[in-house]
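Residue numbering for the sequence shown follows full-length UniProt numbering, starting at 1 and increasing by one per position.
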Amino acid sequence: MVAKPKLRYFDARGTGEPIRYVLEYANIEYEDERISMEDFVNIKPTLPFGSLPVLEINGKVINQSTAICRYFAKRAGLAGGDDFEALQIDAVADSIVDLRIAFTNYCWRTPEAQKPSSYETLKKENIPVYLSQFEKILKENNGHFVNGKLSYADLLFAGTVEYFNNIIKFDITEGFPLVKALVEKVHNIPRIKAWIARRPQTFL
1 MVAKPKLRYF DARGTGEPIR YVLEYANIEY EDERISMEDF VNIKPTLPFG
51 SLPVLEINGK VINQSTAICR YFAKRAGLAG GDDFEALQID AVADSIVDLR
101 IAFTNYCWRT PEAQKPSSYE TLKKENIPVY LSQFEKILKE NNGHFVNGKL
151 SYADLLFAGT VEYFNNIIKF DITEGFPLVK ALVEKVHNIP RIKAWIARRP
201 QTFL
(Lines of atoms letter the chains of each structure in order from A; the text may use other names.)
(Lines give C-alpha, C1' and ligand atoms only; values in the text may rest on other atoms or scores of the structure.)
Protein backbone atom coordinates (compact mmCIF):
# COMPACT_ATOMS: atom_id res chain seq x y z
CA MET A 1 0.00 0.00 0.00
CA VAL A 2 1.37 3.41 -0.99
CA ALA A 3 1.77 5.73 2.00
CA LYS A 4 0.19 9.18 2.07
CA PRO A 5 2.69 11.39 0.22
CA LYS A 6 4.09 14.58 1.67
CA LEU A 7 4.98 17.43 -0.68
CA ARG A 8 7.52 19.78 0.89
CA TYR A 9 7.92 23.17 -0.73
CA PHE A 10 8.05 26.86 0.08
CA ASP A 11 4.89 28.77 0.97
CA ALA A 12 4.54 29.63 -2.70
CA ARG A 13 3.18 28.30 -5.97
CA GLY A 14 6.39 28.20 -8.03
CA THR A 15 7.56 24.74 -9.06
CA GLY A 16 5.33 23.09 -6.47
CA GLU A 17 2.02 24.24 -7.91
CA PRO A 18 1.89 21.97 -10.98
CA ILE A 19 2.42 19.00 -8.65
CA ARG A 20 -0.48 20.21 -6.52
CA TYR A 21 -2.62 20.55 -9.66
CA VAL A 22 -1.98 16.92 -10.60
CA LEU A 23 -2.58 15.70 -7.05
CA GLU A 24 -5.82 17.67 -6.83
CA TYR A 25 -6.96 16.53 -10.28
CA ALA A 26 -6.33 12.90 -9.35
CA ASN A 27 -7.99 13.34 -5.93
CA ILE A 28 -4.89 11.93 -4.23
CA GLU A 29 -4.73 12.68 -0.52
CA TYR A 30 -1.43 14.33 0.38
CA GLU A 31 0.24 16.55 2.94
CA ASP A 32 1.12 20.01 1.65
CA GLU A 33 3.99 21.09 3.91
CA ARG A 34 4.99 24.72 3.37
CA ILE A 35 8.46 25.72 4.50
CA SER A 36 9.56 29.24 5.42
CA MET A 37 12.83 30.63 4.11
CA GLU A 38 14.17 30.61 7.67
CA ASP A 39 13.42 26.91 8.07
CA PHE A 40 14.76 26.16 4.60
CA VAL A 41 18.19 27.44 5.58
CA ASN A 42 18.23 24.94 8.44
CA ILE A 43 16.97 21.92 6.49
CA LYS A 44 18.83 22.61 3.22
CA PRO A 45 21.81 20.35 4.12
CA THR A 46 19.40 17.44 4.64
CA LEU A 47 17.69 17.77 1.24
CA PRO A 48 18.75 16.00 -1.96
CA PHE A 49 20.86 18.59 -3.82
CA GLY A 50 19.76 21.16 -1.23
CA SER A 51 16.60 22.14 -3.07
CA LEU A 52 12.80 22.07 -2.95
CA PRO A 53 10.32 20.69 -3.79
CA VAL A 54 10.80 17.18 -2.51
CA LEU A 55 8.36 14.33 -2.17
CA GLU A 56 8.45 12.13 0.91
CA ILE A 57 6.86 8.77 0.16
CA ASN A 58 7.42 5.19 1.32
CA GLY A 59 10.38 6.22 3.42
CA LYS A 60 12.14 7.91 0.50
CA VAL A 61 12.86 11.55 -0.25
CA ILE A 62 12.60 12.32 -3.96
CA ASN A 63 13.65 15.60 -5.60
CA GLN A 64 12.98 17.15 -9.03
CA SER A 65 9.61 18.78 -9.55
CA THR A 66 8.94 17.45 -13.05
CA ALA A 67 9.76 13.87 -12.05
CA ILE A 68 7.38 14.17 -9.10
CA CYS A 69 4.71 15.68 -11.34
CA ARG A 70 5.13 12.86 -13.87
CA TYR A 71 4.94 10.19 -11.16
CA PHE A 72 1.51 11.34 -10.05
CA ALA A 73 0.46 12.03 -13.65
CA LYS A 74 1.03 8.35 -14.44
CA ARG A 75 -1.27 7.40 -11.59
CA ALA A 76 -3.85 9.88 -12.89
CA GLY A 77 -3.70 8.74 -16.52
CA LEU A 78 -2.16 12.04 -17.63
CA ALA A 79 1.25 10.81 -18.78
CA GLY A 80 0.39 9.14 -22.08
CA GLY A 81 -1.37 6.02 -23.27
CA ASP A 82 1.75 4.57 -24.89
CA ASP A 83 5.46 5.27 -25.08
CA PHE A 84 5.21 7.57 -28.10
CA GLU A 85 2.45 9.66 -26.58
CA ALA A 86 4.46 9.85 -23.35
CA LEU A 87 7.47 11.03 -25.35
CA GLN A 88 5.46 13.89 -26.86
CA ILE A 89 4.08 14.93 -23.48
CA ASP A 90 7.53 14.83 -21.89
CA ALA A 91 8.97 16.92 -24.75
CA VAL A 92 6.41 19.68 -24.15
CA ALA A 93 6.92 19.46 -20.39
CA ASP A 94 10.68 19.85 -20.78
CA SER A 95 10.12 22.87 -23.03
CA ILE A 96 7.94 24.46 -20.34
CA VAL A 97 10.72 23.81 -17.83
CA ASP A 98 13.23 25.45 -20.19
CA LEU A 99 11.07 28.58 -20.24
CA ARG A 100 10.75 28.43 -16.47
CA ILE A 101 14.55 28.32 -16.17
CA ALA A 102 14.77 31.54 -18.20
CA PHE A 103 12.38 33.19 -15.72
CA THR A 104 14.24 31.79 -12.74
CA ASN A 105 17.57 33.02 -14.07
CA TYR A 106 16.15 36.51 -14.55
CA CYS A 107 14.45 36.66 -11.16
CA TRP A 108 17.00 35.03 -8.87
CA ARG A 109 20.35 34.76 -10.62
CA THR A 110 20.81 37.97 -12.58
CA PRO A 111 22.79 40.79 -10.91
CA GLU A 112 20.69 43.91 -10.37
CA ALA A 113 22.76 45.94 -12.82
CA GLN A 114 21.99 43.44 -15.59
CA LYS A 115 18.30 42.99 -14.84
CA PRO A 116 16.95 45.61 -17.28
CA SER A 117 18.66 43.96 -20.26
CA SER A 118 17.77 40.49 -18.99
CA TYR A 119 14.13 41.58 -18.69
CA GLU A 120 14.12 42.76 -22.30
CA THR A 121 15.60 39.46 -23.46
CA LEU A 122 12.95 37.54 -21.57
CA LYS A 123 10.13 39.76 -22.86
CA LYS A 124 11.21 40.12 -26.49
CA GLU A 125 12.99 36.83 -27.15
CA ASN A 126 12.29 33.99 -24.72
CA ILE A 127 8.56 34.51 -24.24
CA PRO A 128 7.63 35.03 -27.93
CA VAL A 129 9.71 32.05 -29.05
CA TYR A 130 8.20 29.63 -26.55
CA LEU A 131 4.64 30.95 -26.60
CA SER A 132 4.47 30.93 -30.41
CA GLN A 133 5.63 27.31 -30.43
CA PHE A 134 3.11 26.38 -27.75
CA GLU A 135 0.37 28.13 -29.76
CA LYS A 136 1.36 26.12 -32.85
CA ILE A 137 1.33 22.85 -30.93
CA LEU A 138 -2.08 23.62 -29.45
CA LYS A 139 -3.48 24.42 -32.90
CA GLU A 140 -2.24 21.09 -34.20
CA ASN A 141 -3.68 19.19 -31.24
CA ASN A 142 -7.18 20.63 -30.85
CA GLY A 143 -6.43 22.87 -27.90
CA HIS A 144 -4.24 20.52 -25.89
CA PHE A 145 -0.53 19.89 -26.09
CA VAL A 146 -0.75 16.26 -27.20
CA ASN A 147 -3.37 14.35 -29.20
CA GLY A 148 -6.27 16.62 -28.32
CA LYS A 149 -6.60 15.44 -24.74
CA LEU A 150 -5.59 16.50 -21.27
CA SER A 151 -2.08 15.61 -20.11
CA TYR A 152 0.22 16.66 -17.31
CA ALA A 153 1.93 19.05 -19.76
CA ASP A 154 -1.30 21.07 -19.83
CA LEU A 155 -1.42 21.16 -16.04
CA LEU A 156 2.29 21.95 -15.82
CA PHE A 157 1.90 25.05 -17.98
CA ALA A 158 -1.32 26.24 -16.35
CA GLY A 159 0.19 25.66 -12.92
CA THR A 160 3.27 27.70 -13.76
CA VAL A 161 1.83 30.61 -15.74
CA GLU A 162 0.92 32.68 -12.66
CA TYR A 163 4.54 32.40 -11.52
CA PHE A 164 5.62 33.65 -14.94
CA ASN A 165 3.13 36.53 -14.93
CA ASN A 166 4.02 37.71 -11.43
CA ILE A 167 7.71 37.83 -12.31
CA ILE A 168 7.37 39.56 -15.68
CA LYS A 169 4.48 41.83 -14.53
CA PHE A 170 2.14 41.11 -17.43
CA ASP A 171 0.06 38.22 -18.77
CA ILE A 172 2.36 36.28 -21.09
CA THR A 173 -0.62 34.55 -22.73
CA GLU A 174 -1.89 37.83 -24.26
CA GLY A 175 -1.66 37.53 -28.03
CA PHE A 176 -1.69 33.74 -27.85
CA PRO A 177 -5.40 32.85 -27.73
CA LEU A 178 -5.02 29.08 -27.70
CA VAL A 179 -2.48 29.24 -24.87
CA LYS A 180 -4.81 31.53 -22.91
CA ALA A 181 -7.75 29.19 -23.57
CA LEU A 182 -5.75 26.20 -22.34
CA VAL A 183 -4.96 27.93 -19.05
CA GLU A 184 -8.62 28.83 -18.58
CA LYS A 185 -9.67 25.29 -19.44
CA VAL A 186 -7.34 23.78 -16.84
CA HIS A 187 -8.31 26.34 -14.21
CA ASN A 188 -11.96 25.41 -14.74
CA ILE A 189 -11.48 21.69 -14.12
CA PRO A 190 -13.70 21.25 -11.04
CA ARG A 191 -11.10 19.88 -8.62
CA ILE A 192 -8.44 22.36 -9.75
CA LYS A 193 -10.93 25.22 -9.60
CA ALA A 194 -11.80 24.20 -6.03
CA TRP A 195 -8.10 24.06 -5.13
CA ILE A 196 -7.46 27.55 -6.53
CA ALA A 197 -10.36 28.87 -4.45
CA ARG A 198 -9.05 27.46 -1.17
CA ARG A 199 -5.26 27.46 -1.55
CA PRO A 200 -3.07 29.86 0.45
CA GLN A 201 -2.69 33.20 -1.30
CA THR A 202 0.95 33.84 -2.21
CA PHE A 203 2.79 36.12 -4.64
CA LEU A 204 4.94 33.50 -6.38
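Heads up, the beta-carbon is just placed ideally off N, CA and C, and yes, glycines get one too.
Close Cβ partners of residue i (< 8 Å) along its chain, the five nearest in sequence each way excluded
| i | result |
| --- | --- |
| P200 | D11 and R34 |
| F203 | A12 and N166 |
Alpha carbon of residue i to alpha carbon of residue j, nearest angstrom
| i | j | result |
| --- | --- | --- |
| P116 | P128 | 18 Å |
| A153 | G159 | 10 Å |
| K44 | Q64 | 15 Å |
| K74 | A86 | 10 Å |
| F84 | D94 | 15 Å |
Selected residue, minimal CA-CA separation from residue i, among the options
| i | options | result |
| --- | --- | --- |
| F72 | I101, P18 and L87 | P18 |
| K6 | T173, F134, T104 and G59 | G59 |
| E56 | Y119, V92, E31 and F49 | E31 |
| T161 | I137, V186, G148 and Q133 | The amino acid occupying residue 161 in the given sequence is Val; Thr does not appear at that position. Nearest C-alpha to V161: V186. |
| D39 | R8, V61 and T15 | R8 |
| D90 | L99, L150, A79 and D98 | A79 |
| L52 | F84, G16, D83 and A67 | G16 |
| D98 | P111, F134 and F49 | F134 |
N-terminal and C-terminal residue of the beta strand (DSSP E) that residue i is part of
| i | result |
| --- | --- |
| R34 | E31 to I35 |
Secondary structure of residue i, DSSP reduced to three states
| i | result |
| --- | --- |
| I62 | strand |
| L7 | strand |
| E85 | helix |
| I57 | strand |
| K149 | strand |
| P110 | According to the sequence as given, residue 110 is Thr; it is not Pro. In the structure shown, T110 sits in coil (DSSP, three-state: anything other than H, G, I, E or B). |
| S159 | Per the sequence shown, the amino acid found at residue 159 is Gly instead of Ser. Looking at G159 - three-state DSSP - the assignment turns out to be helix. |
| T173 | coil |
| L138 | helix |
Same chain only: Cβ atoms within 7 Å of residue i, ignoring 5 sequence neighbours per side
| i | result |
| --- | --- |
| C69 | P18, I19, V22, Y152 and L156 |
| N141 | N147 and G148 |
| A76 | V22, Y25 and A26 |
| I137 | V92 and F145 |
Boundaries of the alpha helix (DSSP H) in which residue i is found, first to last residue
| i | result |
| --- | --- |
| A181 | P177 to H187 |
| S118 | K115 to T121 |
| A197 | P190 to R198 |
Any non-hydrogen atom of the ligand MN closer than 7 Å to residue i Cβ
| i | result |
| --- | --- |
| Q201 | With respect to the ligand MN, the structure offers nothing, as it holds no ligand at all. |
Spatial neighbours of residue i in its chain, beta-carbon cut-off 6 Å, leaving aside the 5 residues before and after
| i | result |
| --- | --- |
| K180 | T173 |
| I96 | L156 and F157 |
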